[in-house]
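*Asks:* So in UniProt numbering the end of the sequence shown lands on 763, straight run, no missing numbers. No residue lacks a Cβ here, since even glycine has one placed at the ideal position from N, Cα and C.
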Amino acid sequence: MSTITVTTTADNGNGSLRNAIAIAKSGDTIQFSKGLTGKTIALRSGQLTLDKNLTIDGGGAPGLTVSGNNASRVFYLDRQKQATIKNLTIANGKTQGAGGGIDTRHESVLTLENVKVNNNTSELGGGLRVGHLAKATIVNSSFKGNNGTLTNKYAGSSAGAISHSESRGQLIIKGTTFENNKGFNGGAIYSFSGVTFTVEDSIFKNNTAIKEGGGAIFTDGVSSKGYNSGFADDGKIIIRGSQFDGNTAKGEGGALFLWGYTQKGGYKNDRAIIEDSVFTNNVITTSERGKASGGAIFAHMGLDIRNVTFAKNTAGKQGGALWTESSLPINISNSTFSGNQVLQDAGGAMFLNNGSTPVNITNSTIAYNKAGRANGALWFNGSHNVTLKNSIVAFNTATDRRQDQVGYQAKDGGGNLEFATSSQALRVTKNSLVANPLLGALTLVNGDLVHPLKSGSPAVNAGVSQGAPTTDQRGIQRDSKIDIGAFELVASAPNPLKVNMPSPLKALVPTVSPSFSAAMPKQTVTAPATTSIVTLRADPVAYLSLNDGKGKLAKDGSAKGRNNSGALVGDASWTKGVRGGAIAFDGKGDAVKLKNSSDINRGTHGERTVSLWFKADSVGDNQRQVLYEEGAGTRGLNIYIDDDRLYVGGWNTPGKESGWSGTWLSTDQISADKWHHVDLVLDGGREVTQNAFRGYLDGQQFGSGAGSQLWDHAGGIGLGSINGGTRFHDGITPNSGSGFAGVVDEVMVFNDALSSSEVKAFF
Numbered sequence: 001m002s003t004i005t006v007t008t009t010a011d012n013g014n015g016s017l018r019n020a021i022a023i024a025k026s027g028d029t030i031q032f033s034k035g036l037t038g039k040t041i042a043l044r045s046g047q048l049t050l051d052k053n054l055t056i057d058g059g060g061a062p063g064l065t066v067s068g069n070n071a072s073r074v075f076y077l078d079r080q081k082q083a084t085i086k087n088l089t090i091a092n093g094k095t096q097g098a099g100g101g102i103d104t105r106h107e108s109v110l111t112l113e114n115v116k117v118n119n120n121t122s123e124l125g126g127g128l129r130v131g132h133l134a135k136a137t138i139v140n141s142s143f144k145g146n147n148g149t150l151t152n153k154y155a156g157s158s159a160g161a162i163s164h165s166e167s168r169g170q171l172i173i174k175g176t177t178f179e180n181n182k183g184f185n186g187g188a189i190y191s192f193s194g195v196t197f198t199v200e201d202s203i204f205k206n207n208t209a210i211k212e213g214g215g216a217i218f219t220d221g222v223s224s225k226g227y228n229s230g231f232a233d234d235g236k237i238i239i240r241g242s243q244f245d246g247n248t249a250k251g252e253g254g255a256l257f258l259w260g261y262t263q264k265g266g267y268k269n270d271r272a273i274i275e276d277s278v279f280t281n282n283v284i285t286t287s288e289r290g291k292a293s294g295g296a297i298f299a300h301m302g303l304d305i306r307n308v309t310f311a312k313n314t315a316g317k318q319g320g321a322l323w324t325e326s327s328l329p330i331n332i333s334n335s336t337f338s339g340n341q342v343l344q345d346a347g348g349a350m351f352l353n354n355g356s357t358p359v360n361i362t363n364s365t366i367a368y369n370k371a372g373r374a375n376g377a378l379w380f381n382g383s384h385n386v387t388l389k390n391s392i393v394a395f396n397t398a399t400d401r402r403q404d405q406v407g408y409q410a411k412d413g414g415g416n417l418e419f420a421t422s423s424q425a426l427r428v429t430k431n432s433l434v435a436n437p438l439l440g441a442l443t444l445v446n447g448d449l450v451h452p453l454k455s456g457s458p459a460v461n462a463g464v465s466q467g468a469p470t471t472d473q474r475g476i477q478r479d480s481k482i483d484i485g486a487f488e489l490v491a492s493a494p495n496p497l498k499v500n501m502p503s504p505l506k507a508l509v510p511t512v513s514p515s516f517s518a519a520m521p522k523q524t525v526t527a528p529a530t531t532s533i534v535t536l537r538a539d540p541v542a543y544l545s546l547n548d549g550k551g552k553l554a555k556d557g558s559a560k561g562r563n564n565s566g567a568l569v570g571d572a573s574w575t576k577g578v579r580g581g582a583i584a585f586d587g588k589g590d591a592v593k594l595k596n597s598s599d600i601n602r603g604t605h606g607e608r609t610v611s612l613w614f615k616a617d618s619v620g621d622n623q624r625q626v627l628y629e630e631g632a633g634t635r636g637l638n639i640y641i642d643d644d645r646l647y648v649g650g651w652n653t654p655g656k657e658s659g660w661s662g663t664w665l666s667t668d669q670i671s672a673d674k675w676h677h678v679d680l681v682l683d684g685g686r687e688v689t690q691n692a693f694r695g696y697l698d699g700q701q702f703g704s705g706a707g708s709q710l711w712d713h714a715g716g717i718g719l720g721s722i723n724g725g726t727r728f729h730d731g732i733t734p735n736s737g738s739g740f741a742g743v744v745d746e747v748m749v750f751n752d753a754l755s756s757s758e759v760k761a762f763f
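(1) Smallest Cα separation from S142: which of E123, D201 and K588?
(2) So K593 is in the beta strand (DSSP E); what residue range does that whole segment cover?
(3) With a Cβ-Cβ cutoff of 8 Å, do L128 and I85 count as a contact?
(4) Since I484 is in the beta strand (DSSP E), which residue starts that stretch and which ends it?
(5) Using the C-alpha atoms, what's the distance from T104 back to G131?
(6) To which residues of the same chain is V525 closer than 8 Å at the C-beta, ignoring the five residues directly before and after it?
(7) Does A20 come out as helix, strand or coil in the three-state DSSP assignment?
(8) Going by alpha carbons, who is nearest to A98 out of Q80, F279, T65 and N146?
(9) Might you give, ordered along the chain, the residues of its own chain that have their beta carbon closer than 7 Å to the beta carbon of A24, omitting 5 neighbours on each side?
(10) Could you check where the beta strand (DSSP E) with V759 kicks off and where it finishes?
(11) With distances taken Cα to Cα, identify the nearest neighbour of W323 among K116, L88, S293 and D220.
(12) Tell me which same chain residues have a C-beta within less than 6 Å of the C-beta of N307, skipping the five on either side of it?
(13) Just to confirm my understanding: we take A692, look at its own chain, exclude 5 residues before and 5 after, and list those with CB closer than 6 Å. What are they?
(14) Would P452 be called buried (16 or more neighbouring beta carbons within 10 Å of its own) or exposed?
(15) Inspect the beta-carbon positions of Q96 and F75 and report whether they are closer than 8 Å.
(16) Determine the closest residue to A83 out of G93, L110 and L64, with distance taken between C-alpha atoms.
(17) Going along the chain, which residues of its own chain have a beta-carbon closer than 7 Å to the beta-carbon of E166, five neighbours each way excluded?
(18) Can you grab the Cα-Cα spacing for the pair F603 / R478, in whole Å?
(19) Going by beta-carbon coordinates alone, are A374 and A346 separated by less than 8 Å?
(20) Whose CA, out of G215, S671, A468 and T49, lies closest to the CA of A297?
(21) Check each candidate in Y261, L646 and S163 and name the one with the smallest Cα separation from G186.
(22) Let me confirm a value: E288 is counted as buried when at least 16 other C-beta atoms fall within 10 Å, else exposed. Which label applies?
(23) Pair every Cβ in the stretch 348-367 with every Cβ in the stretch 392-407, then say whether three or more of these pairs are closer than 8 Å.
(24) Measuring alpha carbon to alpha carbon, tell me which of A10, D586, G241 and T37 ends up nearest L43.
(25) Tell whether a beta-carbon distance below 8 Å holds between G566 and A632.
(26) I need the straight-line Cα distance from T40 to S597, nearest angstrom please.
(27) How would you call Q405, buried or exposed, if buried means at least 16 neighbouring beta carbons within 10 angstroms?
(28) Which residue marks the beginning of the beta strand (DSSP E) containing N307, and which one marks its end?
(29) Pull the bridge partners of V450 from the DSSP assignment, please.
(30) Which residues does DSSP pair with residue 777 in a beta bridge?
(31) Let me make sure I understand the geometry here. Which of R645, N247 and P358 has the alpha-carbon closest to that of Q623?
(32) So E607 and N436 are in contact, right, with Cβ under 8 Å, and what is the actual spacing, rounded?
(33) According to DSSP, simplified to helix, strand and coil, what is K34?
(34) Could you name the residues of the same chain whose beta carbon sits closer than 7 Å to that of W259, not counting the 5 residues immediately before and after it, in chain order?
(35) So N185 is in the beta strand (DSSP E); what residue range does that whole segment cover?
(36) At the level of alpha carbons, what is the spacing between V199 and G705?
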């Protein structure tokens, strides 16, 4: 065995790569001279055929590219041959056949190490096609911008980066990045029956499948032995320590489409194992067949999910994160489902279409997911076999408020905690603890994307130890009194020994909706200099930070609202506030007026929180000053100062509606020239109920009373004075006036009734 050195970028002749391949003997190594560093070998006379066992190593010429010149495939590995390619870029290959960058044939063996496969195009596997009985191992490499949609001849099996489109063989991927690849089925990878398939420590980002699914990966059957064994063994797909972010597809599986078979189909017990991984921002849209299921994963096979986070994935119809259908058990443990959504139908986090097949969910956190119709957390049918154990199901929402979280009760394995945003919501399990779990924001903790438990959470030490995992999602050891959910709160958490996650994970952390984070000040007499972080379970529909600093428009910074900006009226002016800018009012006609909005006062609204900071110039006798109001004299809400006291009020007077004559809550005497924080909270239904209306000053509740939902109350929305009408505690219903003299800052309106702990966190 000898080493041959390539010395020129010429396509042929002495010193060329093509000539080196021609003169090499089986077992030889081809290397490149240092003078080729950063250069490109552009092929002008067709592909390079590897018809002997070779190693091609570009380590001596860093940055060297071998290009198909957008005219031909780059490498062709002949049948029953072995090739190892290292430290090269393979780019701009193009062919009407298979494998724009590399095509490997029957029983060949390919190894790629530190290879970049970029911008290649074909009609079957844009970057690489792996043939029948062939094996491919890919380590520390990348596939970017490859396209497997040149024609639709092989539309059922052509992926953007890699297609293992013929049965049997092996595909092993470690430490490799797949980005911006485009395929029919499988934006990055397509794997057919009988292929042993393993992915470890890899990143799949912004890949696209345009036919029936698998934005990152599409698999159709798996077996560790393959065709000659009659698929007699239990085939497994293993995905470990990997990230899937921003992948999109039509049909099923925004990131993964996993199809397996049982013995009835001629295969035996195909199963996928997914662990220590993250799925964020993946999207599945509607295909020509009308499917839009599984924002992150569609699985028609046995499935084990361990230590996995699903955040902000979206499905058009069903299963915001996960859609399953299998006659084999589904097991989910130590996993987090947060901020996933279904636009039209059901299963904001999961759609479990498994009939009576067991589904076991253990020590998992399922929070802040939402569904366009029903089952913001979990969908399963009435004959289900779904068991929850030591799991948190909280803050999930759906259009049908009765089914905010589930439509049927799951079986209760013990140690569960649930908390719904609506009093109408059905219970998740019969014996679960109902309490606010006090979840922290979705954040990276030692490299894992989780919802930490806050100190004082009722989930701490409340789990059932028997049968629970010994570590949490991060790999932290659980003690004898385990916590509920995926996160174990410990005094000092050491860095666990785990599979190394590829970098940069931090770049993949989503802004989970519903979730809102803002820096809020501590109280001081003047504008505070210190801030604390507040994390809420819902987005505001209007957020006037009042940091604009100039102009006549206070811009709405909410992500959820429909541009509920406010117009400055009179001499309302910009000034310093508790956090950046604020608005100063002189009490003589100044105001900020918001247009009528379906987010706030158009239509029916049952839940509402209005939150703002204020500092009054004076609070003396006979001074009635409106800080905030919406609606008019018949229906509405307001916050105002009267005779040294702060009031919050609400009413919906028509008897044919709720007949809520009104509730006004007041504080003791407040101080002028001092920053205060006020919150008005309404959690009302169609009928008047006690304690549905609450008021808070500086983080402390000062009263509660009766309340109901508000029907349409489009009389106007105003800051600093009345805009169209309001109603005071003494029955007076003026249409204007009652101007406020002072400063207002950080105005937020939520269509959610925030809890006392959430309100307290503002102050």
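*Replies:* The short version:
(1) By one-based count along the sequence shown, residue 142 stands at place 142. Ranking the options by Cα distance to S142, first place goes to D201.
(2) Against the sequence shown, residue 593 aligns to sequence position 593. A591 to L594 is the extent of the beta strand (DSSP E) around K593.
(3) Position 128 of the sequence shown holds residue 128. Position 85 of the sequence shown holds residue 85. Cβ distance not < 8 Å, so L128 and I85 don't count as in contact.
(4) Translated into positions along the sequence shown, residue 484 becomes position 484. That residue, I484, is in no beta strand (DSSP E); it is neither H nor E in DSSP.
(5) One-based indexing of the sequence shown puts residue 131 at position 131. One-based indexing of the sequence shown puts residue 104 at position 104. Each residue's Cα considered, the two are about 6 Å apart.
(6) Taking the first residue of the sequence shown as 1, we reach residue 525 at position 525. For V525, the predicted model reports a pLDDT of 26, less than 50, meaning its position is unreliable; a value from the coordinates is still stated below. Excluding sequence neighbours, V525 sits near D673, K674 and W675.
(7) Looking up residue 20 in the sequence shown gives position 20. Note: A20 maps to helix in three-state DSSP.
(8) One-based indexing of the sequence shown puts residue 98 at position 98. That would be N146, whose Cα lies nearest to the Cα of A98.
(9) Here residue 24 refers to the residue found at position 24 when the sequence shown is read from its first residue. For A24, where only same-chain residues beyond five positions count, the Cβ hits under 7 Å are I4, I30, K52 and L54.
(10) Locating residue 759 in the sequence shown gives position 759, where the first residue counts as 1. Where V759 is concerned, there is no enclosing beta strand (DSSP E), although the alpha helix (DSSP H) it sits in stretches over S756 to F762.
(11) What you label residue 323 is simply residue 323 of the sequence shown in a count that begins at 1. If we check each option's Cα against that of W323, S293 comes out closest.
(12) For the purposes of this step, residue 307 is taken as residue 307 along the sequence shown, with counting starting at 1. Result list for N307: E275, D276, N334 and Q473, in chain order.
(13) In the sequence shown, residue 692 corresponds to position 692, counting from 1. D683, G684 and G707.
(14) Start at 1 with the first residue of the sequence shown, and residue 452 comes out as number 452. Buried, since its Cβ has 16 or more Cβ neighbours within 10 Å.
(15) Position 96 of the sequence shown, counted from the start, is the residue given in the question as residue 96. Position 75 of the sequence shown, counted from the start, is the residue given in the question as residue 75. Taking 8 Å as the Cβ cut-off, Q96 and F75 do not qualify as a contacting pair.
(16) One-based indexing of the sequence shown puts residue 83 at position 83. Taking only the C-alpha atoms, the option nearest A83 is L110.
(17) For the purposes of this step, residue 166 is identified with residue 166 of the sequence shown, where counting begins at 1. G131, H132 and F192.
(18) Within the sequence shown, the letter at position 603 stands for residue 603. Within the sequence shown, the letter at position 478 stands for residue 478. Note that residue 603 is Gly in the sequence shown here, rather than Phe. Between G603 and R478, the C-alpha separation is close to 48 Å.
(19) By one-based count along the sequence shown, residue 374 stands at place 374. By one-based count along the sequence shown, residue 346 stands at place 346. Contact: yes.
(20) Taking the first residue of the sequence shown as position 1, residue 297 is located at position 297. According to the sequence shown, residue 297 is Ile rather than Ala. Nearest C-alpha to I297: G215.
(21) By one-based count along the sequence shown, residue 186 stands at place 186. The shortest C-alpha separation from G186 is found at S163.
(22) In the sequence shown, residue 288 corresponds to position 288, counting from 1. Label assigned to E288: exposed.
(23) yes
(24) Taking the first residue of the sequence shown as position 1, residue 43 is located at position 43. It is A10.
(25) Residue 566 sits at position 566 when you count from the first residue of the sequence shown. Residue 632 sits at position 632 when you count from the first residue of the sequence shown. In this structure, A632 does not lie closer than 8 Å to G566 by Cβ.
(26) To locate residue 40, count along the sequence shown from 1; it is residue 40. To locate residue 597, count along the sequence shown from 1; it is residue 597. Rounded to whole angstroms, T40 to S597 spans 59 Å at the Cα level.
(27) Along the sequence shown, read from residue 1 onward, the residue named residue 405 stands at position 405. Label assigned to Q405: buried.
(28) If you number the sequence shown from 1, residue 307 lands on position 307. Where N307 is concerned, the enclosing beta strand (DSSP E) stretches over G302 to A311.
(29) Taking the sequence shown and counting its residues from 1, the one referred to as residue 450 is at position 450. T443.
(30) The displayed coordinates of the chain run from 1 to 763. Any statement about residue 777 would go beyond what the structure contains.
(31) Locating residue 623 in the sequence shown gives position 623, where the first residue counts as 1. Checking every option, the nearest Cα to that of Q623 belongs to R645.
(32) If you number the sequence shown from 1, residue 607 lands on position 607. If you number the sequence shown from 1, residue 436 lands on position 436. With 8 Å as the limit, E607 and N436 do not qualify as a contact, their Cβ atoms being about 15 Å apart.
(33) On the sequence shown, residue 34 is found 34 positions in, with the first residue counted as 1. If DSSP states are grouped into helix, strand and coil, K34 belongs with the helices.
(34) For this step, residue 259 is matched to residue 259 along the sequence shown. So the qualifying residues of the chain are T219, D220, G221, H300 and M301.
(35) For the purposes of this step, residue 185 is taken as the residue at position 185 of the sequence shown. Taken as a continuous stretch (DSSP letters only), the beta strand (DSSP E) holding N185 covers K182 to N185.
(36) As a working note, residue 199 is residue 199 in the sequence shown. As a working note, residue 705 is residue 705 in the sequence shown. Each residue's alpha carbon lies about 57 Å from the other.
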